[in-house]
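Engineer: In this note's numbering, the protein residues as written are 10 to 488. Just so you know, even glycine gets a beta-carbon here, dropped at the ideal spot from N, CA and C. Note that the structure is predicted; figures quoted are calculated from it, not measured.
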Amino acid sequence: MEQEIKKEYDVIIIGAGIGGLTCGSYLAKAGKKVLICEQHSKPGGYCTSFKRDGFTFEASIHWLSGLGKGEFIYKILEELEIQDKIEFIRFDPVYRLIGRDFELILSSDLAKFEEDLVNMFPAEREHIHKFISKCVNIAKHPLKMLRYLKKTNEEIIAPLFRDQKLKKILYRLMPPNYSLSNQIGMVSKGDYRYPKKGTSQALSNLLAETYQANGGDLSLNMVVNKILIENGVARGVELANGEQIKASYVISNGDARLTFLKLVGKEWLDEEFVKELKREVCASLFLVSLGVNMDLKEKFGGEMIHYIPDLDELETSDPSKCPIEIIIYSNRDLSLAPPGKSTVAIAAGIPYDYMNNWNTENGERGEAYRKLKEEVADQLIKTAGNVIPRLSEHIACKDIATPLTYERYTLNSKGSMMGWDPTPENMSKMFKTRKQDTPIKNLYQVGHWTFPGGGAPTVMISGKNCAKQILKRSKKEGR
Ligand SMILES: Cc1cc2nc3c(=O)[nH]c(=O)nc-3n(C[C@H](O)[C@H](O)[C@H](O)COP(=O)(O)OP(=O)(O)OC[C@H]3O[C@@H](n4cnc5c(N)ncnc54)[C@H](O)[C@@H]3O)c2cc1C
Numbered sequence: 010m011e012q013e014i015k016k017e018y019d020v021i022i023i024g025a026g027i028g029g030l031t032c033g034s035y036l037a038k039a040g041k042k043v044l045i046c047e048q049h050s051k052p053g054g055y056c057t058s059f060k061r062d063g064f065t066f067e068a069s070i071h072w073l074s075g076l077g078k079g080e081f082i083y084k085i086l087e088e089l090e091i092q093d094k095i096e097f098i099r100f101d102p103v104y105r106l107i108g109r110d111f112e113l114i115l116s117s118d119l120a121k122f123e124e125d126l127v128n129m130f131p132a133e134r135e136h137i138h139k140f141i142s143k144c145v146n147i148a149k150h151p152l153k154m155l156r157y158l159k160k161t162n163e164e165i166i167a168p169l170f171r172d173q174k175l176k177k178i179l180y181r182l183m184p185p186n187y188s189l190s191n192q193i194g195m196v197s198k199g200d201y202r203y204p205k206k207g208t209s210q211a212l213s214n215l216l217a218e219t220y221q222a223n224g225g226d227l228s229l230n231m232v233v234n235k236i237l238i239e240n241g242v243a244r245g246v247e248l249a250n251g252e253q254i255k256a257s258y259v260i261s262n263g264d265a266r267l268t269f270l271k272l273v274g275k276e277w278l279d280e281e282f283v284k285e286l287k288r289e290v291c292a293s294l295f296l297v298s299l300g301v302n303m304d305l306k307e308k309f310g311g312e313m314i315h316y317i318p319d320l321d322e323l324e325t326s327d328p329s330k331c332p333i334e335i336i337i338y339s340n341r342d343l344s345l346a347p348p349g350k351s352t353v354a355i356a357a358g359i360p361y362d363y364m365n366n367w368n369t370e371n372g373e374r375g376e377a378y379r380k381l382k383e384e385v386a387d388q389l390i391k392t393a394g395n396v397i398p399r400l401s402e403h404i405a406c407k408d409i410a411t412p413l414t415y416e417r418y419t420l421n422s423k424g425s426m427m428g429w430d431p432t433p434e435n436m437s438k439m440f441k442t443r444k445q446d447t448p449i450k451n452l453y454q455v456g457h458w459t460f461p462g463g464g465a466p467t468v469m470i471s472g473k474n475c476a477k478q479i480l481k482r483s484k485k486e487g488r
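1) Is residue 442 buried or exposed, if buried means 16 or more other CB atoms sit within 10 Å of its CB?
2) With the cut-off set at 8 angstroms, would you say residue 209 and residue 410 are in Cβ contact?
3) Name the residue from 387, 26, 412 whose alpha carbon lies nearest to the alpha carbon of residue 404.
4) State the DSSP-derived secondary structure class of residue 426, mapped to helix, strand or coil.
5) If we ignore side chains and look at the alpha-carbon of each, how far apart do residue 20 and residue 226 end up?
6) Is the number of C-beta pairs between the segment 320 to 332 and the segment 432 to 451 that are closer than 8 angstroms three or more?
7) Looking only at its chain, what residues have a beta carbon closer than 7 angstroms to the beta carbon of residue 61, apart from the 5 residues adjacent to it on each side?
8) Quick one: is the Cβ of residue 69 within less than 7 angstroms of any heavy atom of ligand 1?
9) Please tell me whether, using a cut-off of 7 angstroms, the distance from the CB of residue 367 to the nearest non-hydrogen atom of ligand 1 is below it.
10) Could you name each continuous alpha helix (DSSP H) segment of 4 residues or more that falls completely within the segment 272 to 344, going from the start of the chain to the end?
11) Quick check on this structure: which residue in 270, 196, 294 has the alpha carbon closest to the alpha carbon of residue 284?
12) Please determine if the segment 102 to 109 and the segment 303 to 319 are in contact, where contact requires at least 3 C-beta pairs separated by less than 8 angstroms.
13) Rounded C-beta distance between residue 259 and residue 46? I'm assuming under 8 angstroms.
14) Below 7 angstroms CB to CB, which residues in the same chain sit around residue 339 once its five sequence neighbours on both sides are set aside?
15) Alpha carbon to alpha carbon, what distance is there between residue 49 and residue 417?
16) Just grab the DSSP bridge partners of residue 107 for me.
17) In its own chain, which residues sit with a C-beta less than 7 angstroms from the C-beta of residue 10, not counting the 5 before and 5 after it?
18) Using only the alpha-carbon positions, how far apart do residue 107 and residue 113 sit?
19) For the alpha helix (DSSP H) containing residue 386, name the first residue and the last one.
20) How big is the Cα-Cα spacing for residue 365 and residue 374?
21) Assuming residue 424 and residue 293 form a contact by the criterion Cβ under 8 angstroms, report the distance between their Cβ atoms to the nearest whole angstrom.
In structure tokens form, the structure reads like this:
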């Protein structure tokens with residue numbers, strides 16, 4: 010998609026992630042002249058897919074929420090008049106937890122999940138019931154959810170149960186140090202969906218097409234190197250080729266550190282703000298995408314399988330012991346694999362700084378990097394063989410992404426999955442501002458580094474919020 014760029018716009022958006030695309034779609038629909046610059050060759054940021062040897066692979070997304078009729082993301086699609094142009098399937102069961110001596114299925118039939126847990130931990134019967142009821146109740150009342158965001162999953166789970174094994178199983182679903190994530194409550198609402206066809210790229214493409222149909226300009230393979238600032242006010246951007254484009258408003262959909270420390274520059278920011286940019290970012294993921302000569306529809310569905318080799322090693326990044334997640338995306342969308350074959354995604358929480366940033370030197374990905382990622386992938390494939398027997402014998406193609414790969418393709422610091430680390434402190438900081446504006450006048454932020462935080466549906470809310478703020482302001486200022 011070659012795009013001719015004008016010299017001046019009402020709004021320039023840096024990044025065509027779901028946040029930037031949603032914001033651009035609202036602004037273009039309202040008649041604003043908008044330019045989106047995206048450094049990658051396709052729109053979507055993390056919501057993209059890639060093809061290898063006849064297989065299509067999801068780059069990141071496991072599921073999307075808020076897409077039921079009347080729910081908040083469905084409303085955004087309605088407002089953009091595209092709700093009929095994309096279909097989402099609900100997949101149920103959502104999770105399968107497999108350990109050495111247990112297998113649990115979490116589906117919208119929570120009574121069954123409760124019964125299975127009680128059978129495993131009879132002494133915890135009452136507490137299990139209380140906990141599941143609490144999760145369901147919180148999910149029914151979003152305002153209650155806000156109150157619980159101030160607590161970690163551990164603060165909610167630990168005092169309720171005595172059995173360490175039970176706690177650990179629950180922590181696999183709801184990481185202990187994260188602000189309440191309430192997977193169990195969400196499952197009760199059946200709120201786990203996935204595009205019926207074409208992976209999350211289908212949503213990104215639809216938003217990009219809608220935006221362009223409303224007159225928005227989208228420039229791919231276009232890196233923004235600088236945000237132009239005059240007297241503390243954002244006035245436009247400088248592209249990698251040195252060209253300067255003017256705009257009344259600039260919106261960054263990119264990484265917060267990159268936006269402020271590189272594109273803006275410390276000279277425009279106060280010390281406290283710069284200090285805040287040093288806080289911890291959300292963890293990334295290591296992902297092996299396999300095309301396999303196996304039909305896996307009989308034995309599995311579209312659920313996320315958590316395989317936990319050792320409950321005492323939940324936090325380890327040792328590839329031979331760490332827990333893994335497996336998703337057979339082709340069981341959700343048959344078009345992702347040739348007939349009779351399947352795609353298998355295997356993921357593990359092996360961090361960015363594993364083995365000196367994956368054996369890179371000054372960011373250079375050389376032979377040692379490639380060797381290490383192959384070794385780690387082989388180990389995870391071996392572990393996954395406990396769930397899908399003889400998996401390694403049926404591999405037709407393989408792609409490996411480290412946290413550095415995620416960083417390279419999206420420019421998110423350390424390949425962060427969801428912006429800032431979703432701790433209660435970071436969540437409450439975001440909720441305090443509840444705005445998309447920044448310390449630089451006319452510079453706004455959308456996406457998972459700003460309110461209301463990470464996850465593809467959530468960043469759509471930030472995109473909508475930002476567009477509304479800008480439309481309101483420009484109307485008031487007569488622009
Ligand atoms: C492995 C993984 C699994 C995930 N699973 C789920 C899930 O199951 N469900 C869910 O809801 N969420 C999930 N997430 C989180 C979700 O994908 C993100 O929170 C969300 O997609 C972020 O969208 P965004 O618009 O904020 O930014 P991004 O997707 O990061 O997009 C930002 C865009 O800006 C571009 N950009 C940045 N800087 C520049 C620049 N200077 N010039 C030009 N372009 C620039 C980047 O190239 C990128 O395309 C997952 C994330 C990961 C990594």
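Structural biologist: Looking at the atomic coordinates:
1) exposed
2) no
3) 387
4) coil
5) 11 angstroms
6) no
7) 300, 406, 408
8) yes
9) no
10) 280 to 285
11) 270
12) yes
13) That belief does not hold up - the Cβ atoms of residue 259 and residue 46 are roughly 10 angstroms apart, past 8 angstroms.
14) 345, 346, 351, 352
15) 10 angstroms
16) 112, 316
17) Residue confidence is low: residue 10 scores 49 on pLDDT, short of 50, so the model does not pin down where it sits. Its coordinate-derived value is still stated next. Contacts found: 227, 229.
18) 7 angstroms
19) 376 to 393
20) 12 angstroms
21) 3 angstroms
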